[in-house]
Amino acid sequence: METLFANLSLGFVTAWSADNLLFCFIGALLGTLIGVLPGIGPLATVAMLLPITFNLPPEGALIMLAGIYYGAQYGGSTTAILLNVPGESSSVVTALDGHMMARQGRAGVALAIAAIGSFFAGCVATVGIAVVGPPLARIAQQFGAAEYFSLMVFGLIGAVVLASGSVIKAISMIIIGLLLGLVGQDVTSGAARFTFGLPELADGIGFVAVAVGLFGMAEIMTNLERSAKTPEGQAAVMKVHSLMPSRQDMKESTWPILRGTAIGSFLGILPGGGSVLASFSSYTIEKKVAKDPTRFGKGAIEGVAGPEAANNAAAQSSFIPLLTLGIPSNPVMALMIGAMTIQGITPGPQVMVKQPALFWGMIASMWIGNAMLVIINLPLVGIWVQLLKVPYKYLFPSILIFCSIGIYSLNNSPVDVLFTALFGLMGYLFVKLGFEAAPLLLGFILGPMMEENLRRALQISRGNLATFIERPISLGLLLAAVGLLVLVILPSVRRGREDVFQE
Amino acid sequence: MIRLRNQQDFVAGLFLIAFALLARYFASDLSMGRLVRMGPGYLPTVLAWILLGLGVLIALRGFITDGPKLESWAWRPVIAICAALIAFGLLLQHGGLVAATVATTLISSLAARGASPIAMLLLGLGLAAGSAGLFVWGLGLPLNIWPELG
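So the sequence lines, in the order shown, correspond to chains A and B.
In terms of numbering that gives the first Met the number 0, the first sequence is residues 0 to 502.
In terms of numbering that gives the first Met the number 0, the second sequence is residues 0 to 149.
What follows is the structure in structure tokens.
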């Protein structure tokens, strides 16, 4: 307990420096700014804003990224409530009842309760990370190469199973991601792999180009396509009257927020969990426990409070596997791994030991970032409303320029920008072929790590594949992965899963 | 009679097969090594085979289950966005930030209908000024603002 406080206070000292507070503030502000734009979800937002953090010191960069993530998350909810255009699947749920509340003239209350729920969930999940982190990291430090390899297999399979869509197509995306991740000079033998003689590819394909292209650019293309099909005309932005929830509102939201926080904190840790699953589950549960389930979809405040708390709690707790095991549980965390690597930090259990200020500073900044969101969003909601009225045709060139400069400045070379165009095209192709690009990014990040651990494990075992099932932890992880796959192939589970994602 | 019922899956499978074969081909001159000491070609080759299998499976599924038809492509935004990015990449180094920004804004505006060129030119100039202020003076990125002479 004492060390917990010592750790957290170290974190707050780090995060409370003027620089880091500023980075956190800018991150949350920019994240909200981009995240609020219709059709741009947290993943695309983080991908697009990633390059601007690269010139900062490591602490500042990661703190800013965390701020961007929460900001984007919250910005998406704002759009969902005011416009009924969810930026990403995690705010689909918020749009259901949030937008109905807005239509009833209660937009302000919906926004406020979303902020309060998120803030509360964020506080709890932050403490959760501080409590769970160190023991988990200690376990992870005993992991050998075989355990790490199996852990990654489990993580990748878990991410696929919990995501929506076709499992076999998602696995194909992972394999493509793994293959793309292997491009470049092989660390062990020095052989150039898939570089086509290009010296720029010796270090591998730029991770930012992949992320911004697949998510940012492909999203802009599909948004433009969609807006070309629908007739010109401004979507109706709801007016915001009073922000203050009544006592009755607070009473109705208390339990949903508590339940949402619990569900979200748990689901965020699971591979592939993250905010989407959390908000869907919370909504389903609130509907089940409600005395009058028919109110849902017609502006029930529980339908905003619960899922918003859940999605923020999950956003937060998904940092646990990242910070302790070095394994991303969802694509946004894969982006964080990429950012850490660019900053020269190898994610994993050693971060906590070797760079305690960075580790705890980041955790403290999550709390600060959440507080800032409340401060930024509620008073500034008028600005976001104005922003929603700016036509997309002026917005997207600005986003494009912003991204391009960031990507270019990464290596001061045009190659990354050209690759972004290529991956934008690829991302669009994936959309048309019904592939989800998120598993690809996970595979891309994990590819080199998986190969290294696979090689090392087999070297230690003298080429005996049985090492993966002879070591108990490794066996357990692999069995869990197989179990997940079997579960998802069983028809009854498949039906249940479709229900959840259709609602 | 055999009938294609899920066009999207069928084409998706073909894409995976093509990707796998290309990966297999380009990995063929890398040494495989053995399990105990894997060469650079080992994992890429294994992954390519797995991908090939999955591709065949997905393509075959196109005959078994019903699914969506292939959607048409909106070429206009796709080409405009890619061209805008390429223009930016090629222009920035020697043409400078202002030229690259204005060109990228103008090209990308072709992606959406109904954007007036003059408004887009103004937007481009505004963005150029803004990003010069923010990135070059603010963050100190080593970018040329004006074209390199000579």
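The C-beta atom is built at its ideal place from N, Cα and C for all residues, glycine as well.
Quick caveat: nothing in here was measured; it's all calculated off a predicted structure.
Just to make sure I have the definition right: I need the residues of chain B whose C-beta is within less than 7 Å of the C-beta of residue i. Which are they?
| i | result |
| --- | --- |
| A:V416 | L84, F87 and G88 |
| A:F11 | Going along chain B, no residue has its Cβ under 7 Å from A:F11, so there is no contact; the nearest lies around 27 Å. |
| A:L181 | L42 and P43 |
When you compare each of the options to residue i by their alpha carbons, which one comes out closest?
| i | options | result |
| --- | --- | --- |
| B:L148 | B:G94, B:P116 and B:I80 | B:G94 |
| B:L142 | A:G446, A:L421, A:P413 and A:V487 | A:P413 |
| A:T44 | A:E451, A:P396, A:V159 and A:V331 | A:V331 |
| A:T78 | A:G107, A:M63, A:P348 and A:A65 | A:G107 |
| A:T221 | A:G203, A:I39, A:I262 and A:L28 | A:I39 |
| A:P134 | A:S403, A:L324 and A:P56 | A:L324 |
| A:L200 | A:A217, A:S171, A:L179 and A:S188 | A:L179 |
| A:R105 | A:A114, A:I80 and A:I128 | A:I80 |
| A:G423 | A:I219, A:D202 and A:L197 | A:I219 |
| A:T253 | A:G10, A:G116, A:V91 and A:V12 | A:G116 |
| A:I319 | A:Y282, A:I341, A:Y69 and A:F358 | A:F358 |
| A:T260 | A:E285, A:V239 and A:A169 | A:E285 |
| B:L120 | A:D96, A:G426, A:P396 and A:V481 | A:P396 |
| B:T103 | B:G113, B:A110 and B:A83 | B:A83 |
| A:F153 | A:L7, A:L477 and A:V209 | A:L477 |
| A:M249 | A:T283, A:A111 and A:I156 | A:A111 |
| A:F429 | B:W145, B:W72 and B:A128 | B:W72 |
| A:G189 | B:S30, B:F9, B:A11 and B:Q7 | B:S30 |
| A:A114 | A:P348, A:A71 and A:G127 | A:A71 |
| A:F148 | A:P346, A:T466 and A:N376 | A:T466 |
| B:L34 | A:V123, A:Q458, A:P390 and A:I367 | A:Q458 |
| A:V380 | A:Q140, A:V131, A:F22 and A:S76 | A:S76 |
| A:V352 | A:L322, A:L386, A:T340 and A:I326 | A:L322 |
| A:V373 | A:G66, A:F4 and A:P56 | A:G66 |
| A:L197 | A:E450, A:G183 and A:A210 | A:G183 |
| A:K392 | B:S108, B:W74 and B:L96 | B:S108 |
| B:L46 | B:G61, B:L56, B:L69 and B:A19 | B:A19 |
Report, in whole angstroms, the separation of the C-beta atoms of residue i and residue j, which I expect to be a contact under 8 Å.
| i | j | result |
| --- | --- | --- |
| A:S333 | A:A60 | Sequence inspection shows Ala at residue 333 of chain A; the Ser mentioned does not correspond to that position. That belief does not hold up - the Cβ atoms of A:A333 and A:A60 are roughly 16 Å apart, past 8 Å. |
| A:A289 | A:F295 | 7 Å |
| A:G205 | A:L409 | 7 Å |
| A:T31 | A:G74 | 4 Å |
| A:N310 | A:S278 | 4 Å |
| B:P76 | B:A22 | Not a contact, Cβ separation roughly 29 Å. |
| A:R192 | B:P39 | 6 Å |
| A:I256 | A:A308 | 4 Å |
| A:V159 | A:I138 | About 24 Å; that fails the 8 Å criterion. |
| A:L7 | A:A363 | 7 Å |
| B:A58 | B:L13 | 6 Å |
| A:A120 | A:G263 | 6 Å |
| A:I62 | A:G10 | Contact doesn't hold; Cβ gap of about 10 Å is too wide. |
| A:M216 | A:T52 | Not quite, the Cβ-Cβ distance comes to about 19 Å (not below 8 Å), so this is no contact. |
Output, in chain order, the set of chain A residues within a Cβ distance shorter than 7 Å of residue i.
| i | result |
| --- | --- |
| B:G38 | S188 |
| B:R4 | Simply none; closest approach about 14 Å. |
| B:L46 | I174, L177 and L178 |
| B:P146 | Ordered by position in chain A, no residue passes the 7 Å Cβ test against B:P146, which lies about 15 Å from the chain. |
Are there any heavy atoms of the ligand ZN lying less than 6 Å away from the beta-carbon of residue i, as far as the coordinates show?
| i | result |
| --- | --- |
| A:A17 | In the structure shown, the ligand ZN is absent, as is every other ligand, since no ligand is present at all. |
Please list, in chain order, the chain A residues whose beta carbon lies closer than 8 Å to that of residue i.
| i | result |
| --- | --- |
| B:V97 | Within 8 Å Cβ-Cβ: nothing; B:V97 doesn't reach chain A, min ~11 Å. |
| B:G33 | For the record, residue 33 of chain B in the displayed sequence is Arg; it is not Gly. Going along chain A in sequence order, the residues near B:R33 (Cβ under 8 Å) are G462. |
| B:S107 | F395, P396 and L399 |
| B:P116 | Here the premise fails: no neighbours, minimum Cβ distance about 12 Å. |
Which residues in chain B have a C-beta closer than 9 Å to the C-beta of residue i? List them in chain order.
| i | result |
| --- | --- |
| A:E224 | W72, A73, R75, P76 and V77 |
| A:N411 | Q92, L140, P141 and L142 |
| A:W68 | The sequence given here has Tyr at residue 68 of chain A, not Trp. In chain order: nothing, as chain B lies at least about 21 Å away. |
Give the interface partners of residue i over in chain B, defined as CB-CB distance under 8 Å, in chain order.
| i | result |
| --- | --- |
| A:Y73 | Under the 8 Å cutoff, chain B gives no residues; its nearest Cβ is about 23 Å from A:Y73. |
| A:L64 | Residues of chain B passing the Cβ test: none, with the nearest at roughly 16 Å. |
Using a Cβ cut-off of 9 Å, pull out every chain A residue sitting near residue i, in sequence order please.
| i | result |
| --- | --- |
| B:S130 | I400, F401 and I404 |
| B:A102 | The contacting residues do not exist; B:A102 stays about 10 Å from chain A at best. |
Extract the residue ranges of the alpha helix (DSSP H) inside the segment 103–145 of chain B, only unbroken runs of 4 or more that lie entirely within it. 116–130
Closer than 9 Å, Cβ to Cβ, to anything on chain A: give me those residues from the segment 53–77 of chain B, in chain order. L53, G54, L56, I57, R60, G66, P67, L69, E70, S71, W72, A73, R75, P76 and V77
Along the segment 446–461 of chain A, what residues have a CB closer than 9 Å to any CB found in chain B? G446, M449, E450, L453, R454, L457, Q458, S460 and R461
If you scan the segment 12–100 of chain A from start to end, which runs of the alpha helix (DSSP H) of 4 or more residues do you find wholly inside it? 17–34, 41–48 and 57–82
For the segment 135–164 of chain A, which residues have a CB atom closer than 8 Å to at least one CB atom of chain B, in sequence order? none
For the segment 387–400 of chain A, which residues have a CB atom closer than 9 Å to at least one CB atom of chain B, in sequence order? Listed in sequence order: P390, Y391, K392, Y393, F395, P396, S397, L399 and I400.
Using a Cβ cut-off of 7 Å, which residues of the segment 185–215 of chain A contact any Cβ in chain B, in chain order? Shown in chain order are the members of the segment 185–215 of chain A whose Cβ falls below 7 Å from a Cβ of chain B: D185, S188, A190, R192 and F193.
What residues from the segment 421–432 of chain A come within 7 Å of chain B, judged by C-beta to C-beta, listed N to C? G423, L424, Y427, K431 and L432
Suppose only complete runs of 4+ residues qualify. What are the alpha helix (DSSP H) ranges in the segment 192–220 of chain A, listed by chain order? 206–210
Could you pull out every unbroken alpha helix (DSSP H) segment of at least 4 residues lying fully inside the segment 344–385 of chain A, listed in chain order? 349–353
Could you run through the segment 10–23 of chain B and flag, in chain order, every residue whose CB is less than 8 Å away from some CB of chain A? V10, A11, F14, L15, F18 and A22
Which full runs of the beta strand (DSSP E) of 3+ residues lie inside the segment 254–287 of chain A, going along the chain? none
Would you list, in chain order, the members of the segment 276–305 of chain A that have their beta-carbon closer than 8 Å to a beta-carbon of chain B? none
Which complete alpha helix (DSSP H) runs does the segment 122–190 of chain A hold, if anything under 4 residues is left out? Counting whole runs of 4 or more residues, the segment 122–190 of chain A contains the alpha helix (DSSP H) stretches 144–161 and 166–180.
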